[in-house]
Amino acid sequence: MNKTICRVMVLGAVSLLSTGPASSGLAFSVLAVSAPAPAAAAQTVAEKAVQIRARALLEEFYAVKLERLWAAFTPDVKAQWGTLDGFTQYRKTGVEQFGAQKELVAEKTFMRGGVTYYVRSATFEKSPQVVWAVAFGFDQLGRVSDFGISLEHDRSGDQVALGSF
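Residue numbers (mature numbering (1 follows the signal peptide of the UniProt record, and there is no 0)): -24 to -1, 1 to 141.
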């Protein structure tokens, strides 16, 4: 692989980073947000189609049925994960450590640079205070050209107002 394009996915924001030929993983960074997000625009037809497809692939991912997702990966994405067996082991470890999805926090679709993205923010049974972002990027041929999971927010340290109401 001559060059790997990594997508940085946190809070549904995606930035493009070029990394050297030695890079083999996904790069993630933290995005600080102080202002509320603008109102969501209506989904395009492409975004709606990606949302439907990504939801179906994600359900299979959660159920550790990874063959269709693996088949949809581009060669670059497959190279990031190694083999289907390695990807399967990664997913099984995730199930053991975090359990099933507990709360759907948010879903978002958007287009950037010819790629249509679907990002799902969710919590899981064994760590309900941690919000994880699972992101799919679909190229114009419908292949999964980006796939990643990153910590979006740890709510365990959030301040809560206490007092008489």
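For every residue, glycine included, the Cβ atom is placed at its ideal position computed from N, Cα and C.
In the structure shown, what three-state DSSP assignment does residue i receive?
i, result
"residue 61", "helix"
"residue 122", "strand"
"residue 134", "coil"
"residue 127", "strand"
"residue 18", "coil"
"residue 11", "For residue 11, the predicted model reports a pLDDT of 39, less than 50, meaning its position is unreliable; a value from the coordinates is still stated below. Residue state, collapsed to three classes: coil."
"residue -5", "Bear in mind that a pLDDT of 34 at residue -5, under 50, signals an unreliable position, so the number given afterwards is only what the model happens to contain. Coil, per DSSP."
Counting C-beta neighbours from all protein chains within 10 Å, is the total for residue i 16 or more, i.e. buried, or is it exposed?
i, result
"residue 92", "buried"
"residue 20", "exposed"
"residue 23", "buried"
"residue 94", "buried"
"residue 85", "buried"
"residue 90", "exposed"
"residue 47", "exposed"
"residue 133", "exposed"
"residue 69", "exposed"
"residue 121", "buried"
"residue 45", "buried"
"residue 42", "buried"
"residue 96", "buried"
What are the start and end residues of the alpha helix (DSSP H) that includes residue i?
i, result
"residue 24", "21 to 38"
"residue 47", "43 to 48"
Taking only heavy atoms of the ligand ZN into account, decide whether any of them is closer than 7 Å to the Cβ of residue i.
i, result
"residue 97", "Among the components of this structure there are no ligands whatsoever, and the ligand ZN is therefore not found."
field: Complete runs of the beta strand (DSSP E) confined to the segment 65 to 120 [at least 3 residues]
entry: Correct list: 77 to 88, 91 to 100, 103 to 114.
Three or more C-beta pairs below 8 Å linking the segment 124 to 133 and the segment 23 to 42: no
field: Three or more C-beta pairs below 8 Å linking the segment 16 to 28 and the segment 59 to 73
entry: no
- prompt: Any chance the segment 94 to 111 sits against the segment 75 to 83, with 3 or more Cβ pairs inside 8 Å?
  reply: yes
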